[in-house]
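Heads up, the numbering used here is the position in the sequence shown plus 745, with the first residue counted as 1.
Heads up, the beta-carbon is just placed ideally off N, CA and C, and yes, glycines get one too.
Every value quoted in this text rests on a predicted model; they were computed, and no experiment measured them.
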Amino acid sequence: MVLRQTLLAASGSDRLRTLVAGTRVTRGVVDRFVAGERAEDAVRAAGELAEYDLLSSIDHLGEDADHPARTEDVTKGYLRLLRLLDDSGLTSWAEVSVKPTAMGLGLGEEGETLAVENLGRICAAAAEVGTTVTVDMEAARNVPATLRVVARLRARYPWVGCVLQSYLHRTEGDTAAVAAEPGARVRLCKGAYAAERGSAYTDRREVDAAFVRSLRRLMTSRAYPMVATHDSRLIDIATTLARRYGRTYDDFEYQMLYGARPTEQRRLASLGARVRVYVPYGTDWYGYLVRRVAERPANAAFAARQVLTR
Ligand code: FAD
């Protein structure tokens, strides 16, 4: 837990970012968890996943935009990505995931409005090509604003997905609220960010127990649960709860990250389950990768072995 906190604190350090960026081990971790630098790389990855009946949700890496001009660049990147998906005939396989702080959330008082505007443009483009958008959840301080943004988008695009993080104390209340919306697409995960003291469970068992409570709530509701975990125990519980509450494989989905447990992803898909892989691409991969190593230091060790034995 101490290592996790230290690594998550490091995710904001520019000095460390420069220091690690050029190493071979870092390159190994990037290659494993990031589809590539260009939108074309992500589309290619989505096509390869589709060959194994795996759905995807593509994320343009980057967060905490520090200027409205930056949010415009990222928005245009998503619009281009959606066109590429359409050209490749992949829109029934791939959707997009978007970080609200890349859209403007956090840029002062106007930031929330800017995020709604930018995300609205991405949703309109997604609707045009026949796919969907999920709004990622970031640090705890952004949760209330992110939920407001999602609510405003859903008034126009009811299929917009939101994310809930079981490590936050507030999440069971949020789950009850979103579960009341028929068809609401809700990704449930444990949570990957450093949380303010007192706002989150710190014991893994408590995080898992809270995950199961929210999962049960979603499975018994009319929402569409998206179960985002690599944890075999939670995957089994999700399968059991879905059966118990009469859900077929079309009524919920499993989600995992690109590069994490690919054999398990394919195994679940071969059973007929809907499995969606979160596919990040871009050059701004530092924060994303630090979170992957923080939640599982073995991810760095694995990549280091691959590089050093090459
Ligand atoms: P952990 O507690 O990290 O691991 C439990 C067990 O799973 C491990 O002991 C191991 O047995 C197995 N395992 C985990 N990773 C691997 C691996 N790479 N290879 C083999 N076995 C493994 N977080 C957010 O805060 N906001 C988001 O918007 C968000 N979106 C996400 C979207 C998706 C599709 C996924 C899968 C995760 C997302 N996350 C998000 C990250 C999430 O919150 C967790 O930090 C991350 O998934 C790790 O938690 P875990 O449930 O996989 O289990």
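In the DSSP assignment, what are the bridge partners of I803?
Start at 1 with the first residue of the sequence shown, and residue 803 comes out as number 58. Looking at the DSSP assignment, I803 forms a beta bridge with V841, V1024.
Can you tell me where the beta strand (DSSP E) with E998 in it begins and where it stops?
Looking up residue 998 in the sequence shown gives position 253. Unbroken beta strand (DSSP E) run through E998: 998-1002.
Starting from P970, trace the beta strand (DSSP E) in both directions and tell me its first and last residue.
Start at 1 with the first residue of the sequence shown, and residue 970 comes out as number 225. Segment 969-973, the beta strand (DSSP E) holding P970.
For the beta strand (DSSP E) that T879 lies in, which residues bound it at each end?
Residue mapping note: residue 879 aligns to position 134 of the sequence shown, counting from 1. T879 -> beta strand (DSSP E) spans 878-880.
Can you give me the Cβ contacts of R1011 inside the same chain, cut-off strictly under 6 Å, excluding the 5 residues immediately before and after it?
The count along the sequence shown starts at 1 and reaches residue 1011 at position 266. For R1011, where only same-chain residues beyond five positions count, the Cβ hits under 6 Å are Y797.
What residue from V895, G807, P903, A784 has the CA that sits closest to R825's CA?
Translated into positions along the sequence shown, residue 825 becomes position 80. When each option's Cα is compared against that of R825, the closest is A784.
C-alpha gap between D809 and V1024, whole angstroms:
In the sequence shown, the residue the question calls residue 809 occupies position 64. In the sequence shown, the residue the question calls residue 1024 occupies position 279. So the alpha carbons of these two residues sit roughly 19 Å apart.
Contact between the region 958-973 and the region 984-1000: three or more CB pairs below 8 Å?
yes
At what residues does the alpha helix (DSSP H) containing L829 begin and finish?
Here residue 829 corresponds to residue number 84 of the sequence shown, with the count starting at 1. Start and end: 813-832.
Sort A924, A922, L913 by Cα distance to C934 and report the nearest one.
For the purposes of this step, residue 934 is identified with residue 189 of the sequence shown, where counting begins at 1. Comparing Cα positions, the closest option is L913.
Rounded C-alpha distance that separates A924 from L960:
Position 179 of the sequence shown, counted from the start, is the residue given in the question as residue 924. Position 215 of the sequence shown, counted from the start, is the residue given in the question as residue 960. Each residue's Cα considered, the two are about 10 Å apart.
Please classify R1037 as buried or exposed, where buried requires at least 16 other C-beta atoms within 10 Å of its C-beta.
On the sequence shown, position 292 is the one that residue 1037 refers to. R1037 should be labelled buried.
Taking the alpha-carbon positions, what's the D832 to A860 distance?
The residue you call residue 832 lines up with position 87 of the sequence shown. The residue you call residue 860 lines up with position 115 of the sequence shown. Spanning the two alpha carbons is a distance of roughly 27 Å.
Distance between beta carbons of Y1003 and V1022, contact taken as under 8 Å:
Walking along the sequence shown from the start, residue 1022 turns up at place 277. Walking along the sequence shown from the start, residue 1003 turns up at place 258. Yes, they are in contact, since the Cβ atoms of V1022 and Y1003 sit about 5 Å apart, within 8 Å.
Hey, out of Y938, A939, A940, A921, whose CA is closest to D931's CA?
For the purposes of this step, residue 931 is taken as residue 186 along the sequence shown, with counting starting at 1. The sequence shown places Val at residue 931, not Asp. Taking only the C-alpha atoms, the option nearest V931 is A921.
Are A780 and L827 close, meaning C-beta to C-beta below 7 Å?
Along the sequence shown, one-based indexing puts residue 780 at 35. Along the sequence shown, one-based indexing puts residue 827 at 82. No, they are not a contact pair.
Per-residue DSSP class, three states only, for Q1051
Counting from 1 along the sequence shown, the entry for residue 1051 is found at position 306. Residue placement at Q1051 cannot be trusted, given a pLDDT of 49 that sits under 50; the coordinates are not used to answer.
Run the proximity test for E951: is its beta-carbon closer than 6 Å to any non-hydrogen atom belonging to the ligand FAD?
In the sequence shown, residue 951 corresponds to position 206, counting from 1. Outside the cutoff, so no.
Taking DSSP's pairing of strands, which residues face A945 in a bridge?
By one-based count along the sequence shown, residue 945 stands at place 200. Partner(s): L913.
Classify R967 as buried or exposed, calling it buried when 16 or more other Cβ atoms lie within 10 Å of its own Cβ.
Stepping through the sequence shown from its first residue, residue 967 is reached at position 222. The residue is exposed, with fewer than 16 neighbouring Cβ atoms inside 10 Å.
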